[in-house]
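For the record, the sequence lines run as chains A and B.
Here the first sequence is numbered in our numbering, starting from 209 and rising by one per residue.
Here the second sequence is numbered in our numbering, starting from 843 and rising by one per residue.
From the three backbone atoms N, C-alpha and C, an ideal C-beta is built for every residue, glycine too.
A short worksheet on the structure shown next.
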Amino acid sequence: AQTVTQSQPEMSVQEAETVTLSCTYDTSESDYYLFWYKQPPSRQMILVIRQEAYKQQNATENRFSVNFQKAAKSFSLKISDSQLGDAAMYFCAPYSGGGADGLTFGKGTHLIIQP
Amino acid sequence: DTEVTQTPKHLVMGMTNKKSLKCEQHMGHRAMYWYKQKAKKPPELMFVYSYEKLSINESVPSRFSPECPNSSLLNLHLHALQPEDSALYLCASSQEYRLDGELFFGEGSRLTVL
Chain A
209 AQTVTQSQPE
219 MSVQEAETVT
229 LSCTYDTSES
239 DYYLFWYKQP
249 PSRQMILVIR
259 QEAYKQQNAT
269 ENRFSVNFQK
279 AAKSFSLKIS
289 DSQLGDAAMY
299 FCAPYSGGGA
309 DGLTFGKGTH
319 LIIQP
Chain B
843 DTEVTQTPKH
853 LVMGMTNKKS
863 LKCEQHMGHR
873 AMYWYKQKAK
883 KPPELMFVYS
893 YEKLSINESV
903 PSRFSPECPN
913 SSLLNLHLHA
923 LQPEDSALYL
933 CASSQEYRLD
943 GELFFGEGSR
953 LTVL
């Protein structure tokens, strides 16, 4: 079974600044995937970034990057140059594939962007 | 086409009504999912269909009845619901079931049960 913890229910950041959202997880699998999904208000949930656990290099997607610490089971999301459109709920989700059944989401972090 | 389309966007129904939620994708994905999301909570998995066969039913009450008529369509039939069933119902699809976990979501159907 997998568990995932997002310890920040809400975060606030000034536009153009950098913010880091934290996520820790627990899994007995050695090979798995990690995802950050974004859910803007009244809009569909979309994938922000993914990380394969066997890769040591941290994933990046434009202004979004992760700090993946496998031994610590930590997977934080860094958003650089924050924009108003980044305001959303952010969900962390580990996935071990194989016998796993769908994604298990963390409780989410509500990100507020201050203009 | 990378869309998952859900209809209706909003639905209000009484406890004795029968209604259906519909979901469609044309990405050739072979797995489709129903999630339930209450306000300020993460989505919770309800059902998974893989190759049009029900793979997972997460102990969902029988008043929710899923159906997968073909690989592109997924329905959720609703009957005798309770007010606590009011929520956002999300449909998602993935290339394969139990592959890499990447899901494509629809915008959801917001259900209110009176």
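- Shown in chain order are the members of the segment 243–255 of chain A whose Cβ falls below 9 Å from a Cβ of chain B: Phe243, Tyr245, Gln247, Ser250, Arg251, Gln252, Met253, Ile254 and Leu255.
- In this structure, the alpha-carbon of threonine 317 of chain A lies about 15 Å from that of phenylalanine 272 of chain A.
- One finds nothing in chain A with a Cβ atom closer than 7 Å to the Cβ of valine 902 of chain B; even the nearest lies about 13 Å away.
- None of the residues of the segment 846–864 of chain B has a beta carbon lying less than 7 Å from any beta carbon of chain A.
- With a beta-carbon spacing of about 10 Å, glycine 948 of chain B and leucine 930 of chain B fall beyond the 8 Å limit used to define contacts.
- For proline 908 of chain B, the pairing in a beta bridge is given by DSSP as B/Leu918.
- Shown here, leucine 292 of chain A sits in a helix according to DSSP, grouped into three states.
- The alpha-carbon of valine 955 of chain B is positioned some 11 Å away from that of histidine 852 of chain B.
- In this structure the segment 230–247 of chain A touches the segment 293–307 of chain A; the number of beta carbon pairs closer than 8 Å is three or more.
- Counting only the Cα atoms, histidine 921 of chain B lies some 7 Å from threonine 858 of chain B.
- Tyrosine 875 of chain B reaches chain A at Gly310, counting residues in chain order whose Cβ is nearer than 8 Å.
- Interface criterion met: the Cβ of tyrosine 241 of chain A is under 9 Å from a Cβ in chain B.
- Each residue's CA atom was taken as its position, placing glycine 856 of chain B and serine 904 of chain B some 17 Å apart.
- Glycine 870 of chain B counts as exposed, since fewer than 16 other C-beta atoms from the protein chains shown sit within 10 angstroms of its C-beta.
- Glutamine 264 of chain A and phenylalanine 276 of chain A have their C-alpha atoms spaced approximately 8 Å apart.
- Counting other Cβ atoms within 10 Å of its Cβ, lysine 895 of chain B stays below 16 and is therefore classed as exposed.
- With a 10 Å radius around the Cβ and a threshold of 16 neighbouring Cβ atoms, glycine 314 of chain A comes out buried.
- Taking 8 Å as the upper bound for CB-CB distance, glutamate 218 of chain A and isoleucine 320 of chain A are in contact here, some 7 Å apart.
- With respect to chain A, the C-beta atom of leucine 945 of chain B has a partner C-beta closer than 9 Å.
- Assignment of glutamate 260 of chain A by DSSP, reduced to helix, strand and coil, places it in the strand class.
- The contact set of proline 925 of chain B on chain A, defined by CB atoms closer than 9 Å, is empty, because the minimum CB distance reaches about 22 Å.
- Spatial neighbours of glutamine 210 of chain A in its own chain (CB-CB distance under 6 Å, excluding positions within 5 residues in sequence) are listed in chain order as Thr235, Pro302 and Thr312.
- Comparing alpha-carbon positions, the option among A/Lys281, A/Glu269 and A/Ala295 lying closest to arginine 251 of chain A turns out to be A/Ala295.
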